[in-house]
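Below is one structure, written out as C-alpha cells; comments come after it.
Protein chains: 2
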Amino acid sequence: MSVPSNENAHGSNDLPEGVPTTAAGKREILFNAFDMNCVAHQSPGLWRHPEDRARDYNTLGYWTGLAQTLEQGLFDGLFIADVLGPYDVYGSSDEATLKAGTQVPVNDPMLVVPPMAAVTKNLTFGVTAGTAYEHPYPFARRLATLDHLTEGRVGWNVVTGYLPSAAINMGQEDQMEHDERYNHADEYLDVVYKLLEGSWEDDAVVNDKESGVFIDPSKVHRIEHEGTYFKTPGIAFTEPSPQRTPVIYQAGASTRGRAFAGKHAEAVFINSPTDDLIKGTTAKIRQALVESGRDPYDVRVMSMQTIVTGATDEEAHAKYEELTQYIDVEGGLVLMSGWMGINLAEFELDEPIGDVQSNAIQSAVETFKKASGDDSIEWTVRKLAEWCGVGGFGPVIVGSGATVARELTRIQDETDVDGFNLAYHITPGTFEDIVEFVVPELQQLGRYKTEYAEGTMRHKLFGRGDHLPQNHYGSSFALRNRAAV
Amino acid sequence: MSVPSNENAHGSNDLPEGVPTTAAGKREILFNAFDMNCVAHQSPGLWRHPEDRARDYNTLGYWTGLAQTLEQGLFDGLFIADVLGPYDVYGSSDEATLKAGTQVPVNDPMLVVPPMAAVTKNLTFGVTAGTAYEHPYPFARRLATLDHLTEGRVGWNVVTGYLPSAAINMGQEDQMEHDERYNHADEYLDVVYKLLEGSWEDDAVVNDKESGVFIDPSKVHRIEHEGTYFKTPGIAFTEPSPQRTPVIYQAGASTRGRAFAGKHAEAVFINSPTDDLIKGTTAKIRQALVESGRDPYDVRVMSMQTIVTGATDEEAHAKYEELTQYIDVEGGLVLMSGWMGINLAEFELDEPIGDVQSNAIQSAVETFKKASGDDSIEWTVRKLAEWCGVGGFGPVIVGSGATVARELTRIQDETDVDGFNLAYHITPGTFEDIVEFVVPELQQLGRYKTEYAEGTMRHKLFGRGDHLPQNHYGSSFALRNRAAV
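Respectively, the protein sequence lines represent chains G and W.
Here the first sequence stands for residues 1 to 485, where the numbers follow our numbering.
Here the second sequence stands for residues 1001 to 1485, where the numbers follow our numbering.
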C-alpha cells in the first residue's frame, strides 16, 4: 500500500461544510454504476467481449445480479440512462446505430428497479425519465410507486427531451426549442411537486380499524394546478411515500440547464474528460445552487469515469489492451455524431483532424489532446472514436486498485466532485473488478464508506432526513411549509 | 369426497373444440386472482379484518408473497385492475371514497409485475392500462419490456378510459364520448401491433460477434403510421419479445365494447351475478369473435367470482358471517354509485327499493333478487351494498372445498365460461384458502391442472404457440404474414 498522497489535503478540519465524510473523518467518494437497459451503452463493440453480459439486459437475472454485486461493494447507487429513439445523425440514418446495437434496442428503465430493490437493502436507483412525453399526473404515480416499493431508495433523473427521433415518434414535428423545453420542464416539476408534496398531509392516512376511517378526507387536498402546459385540478392518487419527491438528478450542461439544476437538482451528472473541465463545471453547478438560495454542497456532483483495473498495474494495462480490440469505431461515431450534432460519416476516418473544417471537432480534439497529455498523437476521426471506445467520453483510469484509488482521490481533491458515475466497458465485469480491487483500497485510504448509512436515498446522501430540505424550491409546495406561512 | 355431479355432462367427447382440457380429459377450470394496487378493491371495509394484509399493497413483500401463494395453487394468472382517479359519483365528491379507502390511493400496477416474475416460473400477469392517457409509442416499449422480463408471461387488459376524475386530471374536459373512445383505442392498438409485430423481423437481432453486427438493419422496418389520432413513423425501440404482443384482455360489456373484444381480445373478464347473465354474456362474446372471423373458443372468458371456503361447510359459513361484520356500507355505495352512474347518497339507506324511482336501481334489484333466489328479502339501498360487500358484484359461493368445487364446475357447465376471476374478501387469505381447500377438490374432479403447461402465457392459454394466431386481427401486422401476401 502506498501512502495516500492527499492525506493532508482534506483533513476533517478543512473540508467544506456539507460534504460527505467517512468514519475516518475524510472526504467520502461516492460511487454510482452507470448502465442502460440495452446492449451497447457507452462502449460500442464491447458486447463482443467473451465476458460481457450486456446481451442479457432483457432478463431479470442480469439486473438482480448486478444489483447484488453493487451492494456488495457498497455502491451508493445504480444510475440508469435512457433514450426513446435511435441516434440518427451519423450517416443521416439509424443504419449504423442498429448494426452496432448502439443504444438500440432500449427497454424501459423503471421496470427493472423493483426486482433489484427486492434483492438489496441499501443500493439506490436513479432512473431517467423525460418530461416531454408523459403527462405528469400518471408519471407522479409511477414515481411514488417506485418510492414506496423501494422504501425510499429512488431518484429521478430529469431529462427535458430525448433525441429528435423519439419526439417524431410521439407525433411531434421535432423537440421543443431548447429554452422552451426547460420552461415546460419547470412546470412539469411544479405539477409533480404539488402532487407529491402538496396534496396529502403527512397524517392523512389514519388507518383506523375502530372507526373504519382509512383516510381523513380533510387532509387530502386538490392541487388546482392550471398553467401554460398542464391543467391538473384534483388530488394526488398516491399516499405519501418515504421521500415524497424522489431525489432529483439532472445532467444539463447548458446555461439554462445549469439554472434548472440550481433550482431542482440534488445530484448532477457531469461528463468531461479533463480535470480542468470537471472542476470548472462543478464550480458552476455549485454556484447555480447558491444563486437559487441553496448551499453549494446541497448537490452531489458525480463525474463520469471509466476504470480498468486488476490485481496489478500490469494486469490492468493488459486488460485495457485486450478491451481495445473489441472497440467498434463506427458504433462510437454514432454516439459522437449524436452528442456533437455533427454527421461524422462525412469525414474521412483517417484524415488528420487538422484538415477538418469544424469548430466542434476542433474543440473536441483540443479537449482530448489535453486529456491525453500527449502532443505526439495524430488525431483523426477514427482516433476520436477509439479514444471514447472504452467507457465513453469521460476520463479513463487504468491500473491496480491502489493506483485507481489514488487517482480518484486526486481527482476529487482537484475538482471538488462528490463522486463518480462509473461507466462500464464490459458488464458486470467492470463493476465486479471495481468491487474487488478499488473499493478496498479506497476504504484503506479512509475515502470510502465501510458500511451503508441507514434510511432513504436522500438521507443517505445528505444525512438530514427523508424529504426535500427547506431551502429547496420543491419544498415550498409541502403542506407543512404552506401551513407555516 | 362427493361424486362430481357433472362427470358425464362434459366428457372428453362432447367438449367444444378449442376448450382447455385437463390430463383427465375433462374441461379445465382456469383461475385468475383479481387484485388491485390499493387497500380496498372490491370489498370495502374488509381491510379492517385482523387477517387482511391489503394495507401492505405498497410493499414488495405483499406482491411477491401473493405470487408465490398463487403459483403454489397453480393459478393461471394474477389480474391487476387499475383506476387513475377517485370515484366521485356518490355524494358528488370523493369524500366517502377517501374515508373508506375505496380504490384510493392506487399505485401503478405495472411496477409490481417484475418482482413477482422473479419469484415465480409459471404464474402469468394481466395488467390493466388505459389507451386514453399515454402515447402508444412509449407504452409499447413498457409492454415489450414486461414481456421480456417475464419471459412471455404478461397480458394487457385494455381499458379505453378510466373515471372522468382521471381524465380531468390529465387536462381533458372529460372522457371522450363512448364510441369515439373505442375508435381511438382501435387506432391505439393498431400502433401497438405495428410496433410489436410489424417492425422487427424475427431474426433481426443477429448478435454476431465475428462480424460485429448486432442487428441487421435491413430487417428492422419503420411502421409509417399516420392515422386520426397518432403519427408514428419510426421503428419500434424494442427487439421482439417472447410473445411480441402480450395476451390481450378486455372487459367491455357494451355492444361497441363486445365488437372491440371480438376483434382484439384473447381473454375477457365478465362480471355478472347470475348464471343466466353469465351464460348470455359469454355466448355474445363468443359470437362477437365469430363475427370477427375467429373461432368462438379463441377467447378465454373469465367470470368474476367470490369464494369463502374452509375445511367444512359450517366453517365456511361461519367465516362468511364473520366477514360480513367488516362490510363498509358507504364504501360499497361509492363503488356501486360509480358503476351505475347514480348518486346513491340521494336515497334513504333503509328505504325499500320498491319506492325508489330509478330504472337502474330497479334493474339491479331484479338481478340481485334472481341471484339470491329468495323472494322474501326486503331490498333497500343498504341491502344492495351489503349484497356486494364481500367480493363485489359477482356471485359468492360459501362452502367447503368440495362444495365450492362442485358449484364452480356446475357454473362452468351451465354457462360455458372458461374460468373464474377470483375477487378477494381478505388478501392473501382468500387465495390461501382457495389453494388449500378448493384446488385439491377441483383436481380430484379432474377439472383443474395438476401441473403447469410450459411456455408463454399465450401458449399456456391456447396451446398453440407464443404469437397471435393467424386469424387474429393483430397478426395481420406481423411481418411474416405481410411477407406471405
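Heads up, the beta-carbon is just placed ideally off N, CA and C, and yes, glycines get one too.
The region 1127-1143 of chain W makes no contact with the region 1086-1102 of chain W: fewer than 3 CB pairs, one atom from each, lie closer than 8 Å. For G:Ile397, the enclosing beta strand (DSSP E) has its first and last residue at 396-400. For the region 1189-1215 of chain W, the set of residues with a beta-carbon nearer than 7 Å to any beta-carbon of chain G comprises Asn1207, Lys1209, Gly1212, Val1213, Phe1214, Ile1215, in chain order. In this structure, G:Thr102 keeps its C-beta atom at 8 Å or more from the C-beta atom of G:Pro50. Only residues of its own chain outside the window of five on either side were considered, and among them Val1308, Gly1310 have a CB closer than 6 Å to the CB of W:Lys1319, listed in chain order. Taking 8 Å as the cut-off, the beta carbon of G:His135 is found closer than this to the beta carbon of W:Met1170.
When DSSP states are grouped into helix, strand and coil, G:Ile248 belongs to the strand group. Against chain W, a Cβ distance below 9 Å from G:Tyr133 picks out Glu1134, His1135, Tyr1137, Pro1138.
Rounded to whole angstroms, the Cβ separation of W:Phe1214 and G:Trp47 is 7 Å, and the two are in contact under 8 Å. Counted as a single uninterrupted DSSP element, the stretch harbouring G:Val154 is not any alpha helix (DSSP H) but the beta strand (DSSP E) occupying residues 154-159. The C-alpha of G:Gly85 lies about 55 Å from the C-alpha of W:Lys1383. Non-local beta-carbon contacts of G:Asp147 in its own chain, meaning distances under 7 Å to residues more than five positions away in sequence, involve Val154, Ser241, Pro242, Gln243, Pro246 in chain order.
Between W:Leu1030 and W:Met1302, the gap from beta carbon to beta carbon is short of 8 Å.
For W:Pro1086, the residues of chain G that pass the 8 Å Cβ criterion are Gly234, Ile235, Phe237, in the order they occur in the chain.
Counting the other Cβ atoms within 10 Å of the Cβ of G:Pro20 gives 16 or more, which makes it buried. Distance check between W:Pro1115 and each of W:Thr1059, W:Leu1289, W:Glu1197, W:Ala1081 places W:Thr1059 closest, using alpha-carbon atoms only. Under the 8 Å criterion on CB atoms, W:Trp1156 is classed as non-interfacial with respect to chain G.
Chain-order list of chain G residues neighbouring W:Glu1386: empty, with the shortest C-beta distance near 15 Å, by a criterion of under 8 Å. A residue is called buried once 16 or more other Cβ atoms fall within 10 Å of its Cβ, and W:His1178, having fewer, is exposed. Excluding residues up to 5 positions away in sequence, Gly1391, Gly1392, Ala1423 lie with their Cβ nearer than 6 Å to the Cβ of W:Gln1042 in the same chain. Every alpha helix (DSSP H) stretch that sits fully inside the region 341-425 of chain G and reaches 4 residues is listed by chain position as 359-372, 381-387, 401-415.
Taking 8 Å as the cut-off, the beta carbon of G:Thr281 is found no closer than this to the beta carbon of G:Ala259.
Excluding five sequence positions before and after G:Gly455, the CB atoms of its chain that fall closer than 8 Å to its own CB belong to Gly152, Asp466, given in chain order. Comparing alpha carbon positions, the residue from G:Ala345, G:Ala117, G:Arg300, G:Val83 closest to G:Thr69 is G:Ala117.
Counting every other CB atom within 10 Å of its CB across the protein chains shown gives W:Glu1226 a total below 16, marking it as exposed. When 8 Å is used as the limit between beta carbons, W:Asn1122 is near no residue of chain G, the shortest such separation being about 15 Å. Cβ neighbours of G:Thr150 within its own chain (closer than 6 Å, five residues either side excluded): Ala117. Chain G places no beta carbon closer than 8 Å to that of W:His1041, leaving this residue out of the contacts. The three-state secondary structure of G:Met116, taken from DSSP, is helix. Taking all protein chains shown into account, G:Pro352 has fewer than 16 neighbouring C-beta atoms within 10 Å of its C-beta and is therefore exposed. By the beta-carbon neighbour count (other beta carbons within 10 angstroms, threshold 16), W:Thr1228 is exposed.
Per the DSSP secondary-structure output, W:Asn1037 pairs with nothing in a beta bridge. The Cβ-Cβ distance between G:Arg294 and G:His459 does not fall below 8 Å. W:Arg1048 has a beta carbon lying within less than 8 Å of a beta carbon in chain G. Straight-line spacing of the CA atoms in W:Asp1275 and W:Tyr1057 works out to 33 Å.
Nearest CB-CB separation between W:Thr1064 and chain G: below the 8 Å threshold.
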